[in-house]
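Residue numbers (UniProt numbering), protein chains in the order written: chain A, 1 to 217; chain B, 1 to 217.
Okay, here's the thing in structure tokens:
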């Protein structure tokens, strides 16, 4: 198909498609004449992926480029790509250097070993976690660490569901892409569900019922 | 204390503190002379909260101003403040108008009613959820909806843990702030835990073991 049709099918404007090609996010179309190129289903799919990572995942173009490069590298094992995608979601593992952060890092290392998680405490997600715990502690919510295992139970349940889905539903050649999609979009799914469960649970505890006809302001 | 000491205690530079006062995020100090103001523990605590929402929650200053205004409004019920804080985390509930989005909204409405959640399907989180499901469908992952209940189970578990923590640990006058902190920072905690559980679970399924001495790249 021509670029105009690709644009109509994906909802991505033509100049944006050209920008993605220039930035290396999208492979160029096959030249059919000196100034005309043909695009296929792979382009359409890749554009949908870029759009989802951008709009739903809130990722930046440069971050998406990293993740796509990882997807396109056949040498890279699935769990490394997953790590790349996941790290893009975090703060990038910037470590603060104070007593509170050191204590939080110890809590995280203990959690990882207690749960038998096959990951290293230098993983950027572990660093992000300890920074959040340190921030909670500074706010007087150090006791929040007591509910960490409830959170970890829930996180394991979500991770198992993701892998079951990938295992049953996804052809081997699409697996790496599916893992990236699941990491970024699954994050957004859980975030929205958690907010819904929260509002529901706190309405039951503290509030009055929300009548079905009342639209929240 | 003077503004210099407040800055040292919180790690927030003096010009930034003055900016927060100008923007209404922080109440002004009490004037002790025409050009000197005194700050108290409430200022210190509020600055830590702003810092956490900014650094960990990734919120913008204008969004933080909204949430703080909700915290400071004694008329507002807790679950409304929670909604304000939670909505700041989402896309703001922008609805797309196509067949895929309509189908996804029906899936979400069904989920809310099936689980007996006390929330309305016009909740911005519900809109966000249906947009993510529509994006997954466009990417050929419509079957992801099958694991939605596993996700919802986990979300309920996290919401219950949050409310138990707030209930046991937090004085009534701090409850609204605690709910905001929990919504934003709890989100970051779960995100990091999910990434750790993911890497661990996929290393077990697809990869080799991660030796303890090997630092992930």
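Where is the CB? At the ideal position from N, CA and C, for every residue including glycine. These figures come from a predicted structure and were not determined experimentally.
is_contact[residue i, chain A] using C-beta, thresh 7 Å
i                      : result
residue 43 of chain B  : no
residue 31 of chain B  : no
residue 147 of chain B : yes
residue 156 of chain B : yes
residue 114 of chain B : no
residue 16 of chain B  : no
residue 184 of chain B : no
residue 20 of chain B  : no
residue 93 of chain B  : Only weak support exists for where residue 93 of chain B lies, its pLDDT of 46 falling under 50; the value from the coordinates is given anyway. Residue 93 of chain B does not count as touching chain A.
residue 118 of chain B : yes
residue 12 of chain B  : no
residue 192 of chain B : yes
residue 134 of chain B : no
residue 159 of chain B : yes
Residue i classed as buried or exposed, judged by whether at least 16 other C-beta atoms fall within 10 angstroms
i                      : result
residue 99 of chain B  : exposed
residue 180 of chain B : buried
residue 14 of chain B  : exposed
residue 4 of chain B   : exposed
residue 194 of chain B : buried
residue 186 of chain A : buried
residue 61 of chain B  : exposed
Nearest-angstrom beta carbon gap, residue j and residue i [assumed within contact, 8 Å]
i                      : j                      : result
residue 64 of chain B  : residue 53 of chain B  : 5 Å
residue 112 of chain B : residue 196 of chain A : 7 Å
residue 147 of chain B : residue 161 of chain A : 4 Å
residue 126 of chain A : residue 104 of chain A : Their Cβ separation, rounded to whole angstroms, is 10 Å, which puts residue 126 of chain A and residue 104 of chain A out of contact at 8 Å.
residue 204 of chain A : residue 118 of chain B : 6 Å
residue 163 of chain A : residue 201 of chain B : 5 Å
residue 154 of chain A : residue 154 of chain B : 4 Å
C-alpha distance - residue i paired with residue j, whole-angstrom precision
i                      : j                      : result
residue 7 of chain B   : residue 30 of chain B  : 16 Å
residue 18 of chain A  : residue 35 of chain A  : 13 Å
residue 132 of chain B : residue 188 of chain A : 7 Å
residue 184 of chain A : residue 191 of chain B : 10 Å
residue 150 of chain B : residue 108 of chain A : 25 Å
residue 156 of chain B : residue 198 of chain A : 8 Å
residue 128 of chain B : residue 9 of chain B   : 38 Å
residue 145 of chain A : residue 114 of chain A : 14 Å
residue 130 of chain A : residue 101 of chain A : 7 Å
residue 72 of chain A  : residue 177 of chain A : 9 Å
residue 142 of chain A : residue 152 of chain B : 27 Å
residue 11 of chain B  : residue 22 of chain A  : 42 Å
residue 116 of chain A : residue 41 of chain A  : 42 Å
residue 58 of chain A  : residue 106 of chain A : 31 Å
residue 110 of chain A : residue 122 of chain A : 13 Å
residue 168 of chain A : residue 140 of chain B : 14 Å
Chain-order list of residues whose beta-carbon lies under 6 Å from that of residue i (same chain, five-residue window excluded)
i                      : result
residue 39 of chain A  : 1, 6 and 29
residue 217 of chain B : Below a pLDDT of 50, predicted positions are generally treated as unreliable, and residue 217 of chain B, at 41, falls in that range; no measurement from the model is reported.
residue 120 of chain A : none
residue 56 of chain B  : 185 and 188
Contact with chain B by residue i, beta-carbon distance below 7 Å
i                      : result
residue 150 of chain A : yes
residue 23 of chain A  : no
residue 68 of chain A  : no
residue 129 of chain A : yes
residue 9 of chain A   : no
residue 60 of chain A  : no
residue 6 of chain A   : no
residue 107 of chain A : no
residue 125 of chain A : yes
residue 46 of chain A  : no
residue 26 of chain A  : no
residue 39 of chain A  : no
residue 104 of chain A : no
residue 201 of chain A : yes
residue 188 of chain A : yes
Chain-order list of residues whose beta-carbon lies under 8 Å from that of residue i (same chain, five-residue window excluded)
i                     : result
residue 26 of chain A : 17, 20, 43, 46, 47 and 50
Contact set for residue i: own chain, Cβ-Cβ below 7 Å, skip 5 residues either direction
i                      : result
residue 32 of chain A  : 38
residue 24 of chain A  : 65
residue 136 of chain A : 142 and 144
Proximal chain D residues relative to residue i, where beta-carbon distance stays under 7 Å
i                     : result
residue 54 of chain A : In the structure shown, chain D does not exist; the protein chains are A and B.
Distance cut-off 6 Å: residue i Cβ against heavy atoms of the ligand FAD
i                      : result
residue 151 of chain A : Summarising the ligand content, the structure contains no ligands, and the ligand FAD is consequently not present.
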